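Numbering-wise (full-length UniProt numbering), the sequence shown opens with residue 1 and increments by one.
Note that the Cβ used here is the ideal one computed from N, Cα and C, for glycine as well.
Just so we're clear, the structure is a prediction, and the values are computed from it rather than from any experiment.
Here the structure comes first, spelled out in structure tokens, and everything after it is commentary.
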Amino acid sequence: MLSRLFVIVSALAFLSSTQAASTFVGCVLQATVALTADYATRTASQSACNTRCIGQRAQNPSIQYSYFVAGTLLGNNCYCDSIGSYTAASAYILPSGDTTTDCSALGVGLNLGLLATATDLTTTFEFQGCTNTLTGVVINLAQGTILGGAIVQDPQACFQRCAGNLNAYFIPIVPSITAIAPTYGCVCDPSGPGALGACGLLTFFKYTHSASASQQAQARKRAQKALESERRKSFCPGKMTSCLIPGVEDSWECVDPQSDLESCGGCAHGEYTSDGPSNSTATGLDCTNMPGVLRGGSTCTNGECVAFACKRKWTLLDGKCVRGLSKVM
1 MLSRLFVIVS
11 ALAFLSSTQA
21 ASTFVGCVLQ
31 ATVALTADYA
41 TRTASQSACN
51 TRCIGQRAQN
61 PSIQYSYFVA
71 GTLLGNNCYC
81 DSIGSYTAAS
91 AYILPSGDTT
101 TDCSALGVGL
111 NLGLLATATD
121 LTTTFEFQGC
131 TNTLTGVVIN
141 LAQGTILGGA
151 IVQDPQACFQ
161 RCAGNLNAYF
171 IPIVPSITAI
181 APTYGCVCDP
191 SGPGALGACG
201 LLTFFKYTHS
211 ASASQQAQAR
221 KRAQKALESE
231 RRKSFCPGKM
241 TSCLIPGVED
251 SWECVDPQSD
261 LESCGGCAHG
271 EYTSDGPSNS
281 TATGLDCTNM
291 PGVLRGGSTC
301 TNGECVAFAC
311 KRKWTLLDGK
321 CVRGLSKVM
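Right, dumping it as structure tokens:
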């Protein structure tokens, strides 16, 4: 068991070693960045800003983004941001070019320093430009929803969602009803893109990565599932499962869910894993609590509760006790 667990962990570590790089995720308002981001400082260039934020990940692993403001003569021009606190979609309100990643050279009469270049620091996806429409995808501005895609909290969440696909598109959405908060939409491998257009609100930012990166992402998911399965098994021998003991903190018992009367088909009070109690959600049944069954009148067979003796006014039918059926018949 331990050797198999070691092999799976080793495979997962190897697959996680895929080289990730920084990629452009848009031009956003500097004012919003300065209010929400951390580790503000001044650097000489975009690459220096990225390097600094990557270095901060040693202290704060949740750091995922950098923001760099070119053209500012004084003050801070580099900021770092974490997963879950990325700038709101409304920060994309000013348009940029269709493929440019230089937010200081938009050519639309904007003052330097007004926009910050947002960068995802670790992803296998690369920016390809922006498009106005995607075949089969509809944005509902009134409700802030997307048909043909999913709502996500930030660009990185979209990249993770589409890791097993070749293409990822995210779109900043600001609903027409002000009571609904701005958000991001995400689409993986749409049936067809539209023409290139200016990046900004309600336009799709397109990203691609190699087939090998996609395949490795799928392999990581399979390895992670296998690891979780092995961890659950590692507490108990054979086909037995570690089930929580109700009312006793941080404890479990090994049961055979195929035949255990009180945990038939799974754990009646939740499973215990190497990370502790996973949750208290029942994955199995207590056959002694079947409706209408006499005490000792049930069993667990092949993971299913089966009754063989019922209380008065209950009728045995297909392994279950049914109330009043004999009167109707």
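Continuous alpha helix (DSSP H) stretch holding residue i: start and end
i	result
GLN153	Premise fails: GLN153 is in no alpha helix (DSSP H) and is neither H nor E.
LEU35	30 to 36
CYS49	46 to 56
Counted within 10 angstroms of its Cβ, other Cβ atoms place residue i as buried (16 or more) or exposed
i	result
GLU271	buried
CYS321	buried
GLN64	buried
GLN30	buried
ASN140	exposed
residue 348	Residue 348 is absent from the model: the chain starts at 1 and stops at 329.
ASN50	buried
GLY144	buried
ASP260	buried
THR281	exposed
GLY107	With a pLDDT of only 38 at GLY107, under 50, the local geometry of the prediction cannot be trusted, and no value is derived from it.
VAL293	buried
ILE173	buried
THR23	buried
PRO291	exposed
GLY200	buried
VAL137	buried
ALA44	exposed
ALA21	exposed
SER214	A caution first: SER214 carries a pLDDT of 47, below 50, which makes its placement in the model unreliable, though a value can still be read off. By the neighbour-count rule (16 or more Cβ atoms within 10 Å), SER214 is buried.
ALA157	buried
ARG4	Note that ARG4 has pLDDT 46, beneath the 50 cutoff, so the model's placement of it is unreliable and the number below is only indicative. Exposed, because fewer than 16 other Cβ atoms sit within 10 Å of the Cβ of ARG4.
ALA91	buried
ALA142	exposed
ALA217	Residue placement at ALA217 is flagged as unreliable, the pLDDT there being 49, under the threshold of 50; the coordinate-derived value follows with that caveat. With 16 or more Cβ atoms within 10 Å of its Cβ, ALA217 is classed as buried.
Distance CB(residue i)-CB(residue j) smaller than 7 Å
i	j	result
LEU285	CYS254	no
SER47	ALA70	no
TYR67	VAL25	no
CYS264	CYS287	yes
ILE93	SER62	no
ASN76	ARG42	yes
ASP250	MET240	no
LEU196	THR131	yes
ASP120	CYS80	no
THR133	GLY55	no
ALA89	PRO182	yes
PRO237	HIS269	no
PRO95	ALA179	no
GLY192	THR122	no
Endpoints, the beta strand (DSSP E) within which residue i is located
i	result
GLN128	126 to 131
VAL138	138 to 140
LYS206	204 to 208
VAL322	320 to 323
PHE308	That residue, PHE308, is in no beta strand (DSSP E); it is neither H nor E in DSSP.
ASP81	78 to 82
residue 338	Lying before the first or after the last residue shown, residue 338 is absent from the chain, which here runs from 1 to 329.
THR288	That residue, THR288, is in no beta strand (DSSP E); it is neither H nor E in DSSP.
VAL187	183 to 188
GLN64	63 to 68
THR117	115 to 123
VAL248	Looking at the DSSP string, VAL248 is not in any beta strand (DSSP E), and its letter there is neither H nor E.
ARG177	What sits at residue 177 in the sequence shown is Ile, not Arg. Where ILE177 is concerned, there is no enclosing beta strand (DSSP E), given that its DSSP letter is neither H nor E.
SER104	Taken as a continuous stretch (DSSP letters only), SER104 belongs to no beta strand (DSSP E), as it is neither H nor E.
THR301	298 to 301
CYS243	241 to 244
LEU147	145 to 147
For residue j and residue i, believed in contact at Cβ under 8 Å, the rounded distance
i	j	result
TYR169	PRO190	7 Å
ILE171	LEU202	7 Å
VAL28	ALA116	5 Å
THR87	THR36	6 Å
ALA309	GLY297	3 Å
GLY303	THR283	GLY303 to THR283, Cβ: 11 Å. No contact.
is_contact[residue i, chain D] using C-beta, thresh 7 Å
i	result
PRO61	Considering every chain present, this structure includes no chain D. It has just one protein chain.
Open item on the list: Taking contact to mean 3 or more Cβ pairs, one atom from each stretch, closer than 8 Å, check whether the stretch 140 to 159 and the stretch 168 to 187 are in contact.
Closed with: A contact between stretches requires three or more CB pairs, one per stretch, nearer than 8 Å, and the stretch 140 to 159 meets this requirement with the stretch 168 to 187.
Task: Stretch-stretch touch, CB-based, cutoff 8 Å, three pairs: the stretch 197 to 207 with the stretch 126 to 133 - done: Yes, the stretch 197 to 207 touches the stretch 126 to 133.
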